[in-house]
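Each remark here refers to the structure printed beneath this line.
Numbering (the working numbering), first residue to last: 489 to 631.
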């Protein structure tokens, strides 16, 4: 309560995304983490598409460790026997990334569900507000 009363957001509640998340019991940090995950997944998708379209010879250097029976030593074994195997694996990864992206976007959408801002929100400002709140909270906790 002390922190809530001390901080600026408790004095004049507006229908910001931050207040919406807090009122529904979401951790604002989780929302920021999900945004970061979405960007990471999008990057993974682009890299994977590139690997499928124009595979380099780097696939030849991808190995796994095959251990001996008592797990005291191992040998490096290539993961792929051909570029076609590598591309097939990348295509599977691409489908997995697309599913992950869809799931992450759906979670963000669910977190924003029923949020009714007074005007068209500037999402960059809303996200900056959340980042500011998270930092102020961390600073207060660490005092």
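Just so it is clear, CB atoms sit at the ideal spot from N, CA and C, and this is done for glycine as well.
Item to check | Three-state class that DSSP yields for residue 607 in the structure shown | outcome: coil
Item to check | Neighbourhood of residue 599 by C-beta distance below 7 angstroms, restricted to the same chain and skipping five residues each side | outcome: 509, 514 and 519
Next on the checklist: Just verifying my parser: in three-state terms, what is the DSSP assignment at residue 489?
Outcome noted: Residue confidence for residue 489 is low, a pLDDT of 48 falling below 50, so the modelled location carries little weight; the figure read from the coordinates is stated next. If DSSP states are grouped into helix, strand and coil, residue 489 belongs with coil.
Next on the checklist: For residue 530, report the span of its alpha helix (DSSP H) as first-last.
Outcome noted: 516–541
Checklist entry - What three-state label does DSSP hand residue 552 in the structure shown? => result strand
Checklist entry - For residue 619, which residues from the same chain have a beta carbon less than 8 angstroms from its beta carbon, with the 5 sequence-adjacent residues on both sides left out? => result 520
Checklist entry - Can you tell me the Cα-Cα spacing of residue 561 and residue 554, whole angstroms? => result About 8 angstroms.
Checklist entry - DSSP on residue 502, reduced to helix/strand/coil? => result coil
Checklist entry - Is it the case that the Cβ atoms of residue 568 and residue 577 are separated by a distance below 8 angstroms? => result Yes; because the gap between Cβ atoms is below 8 angstroms, this pair is in contact.
Next on the checklist: Tell me the DSSP secondary structure of residue 563 in three-state form.
Outcome noted: Residue state, collapsed to three classes: strand.
Item to check | Beta carbon of residue 503 nearer than 8 angstroms to that of residue 613 | outcome: no
Next on the checklist: My output table needs one value for residue 582: the three-state DSSP class, helix, strand or coil.
Outcome noted: helix
Checklist entry - So, helix, strand or coil for residue 601, using DSSP? => result Of the three classes helix, strand and coil, the one that applies to residue 601 here is coil, per DSSP.
Checklist entry - Which term fits residue 574, buried or exposed, when burial requires 16 or more other beta carbons within 10 angstroms of its beta carbon? => result Counting Cβ neighbours within 10 Å, residue 574 comes out buried, since at least 16 surround it.
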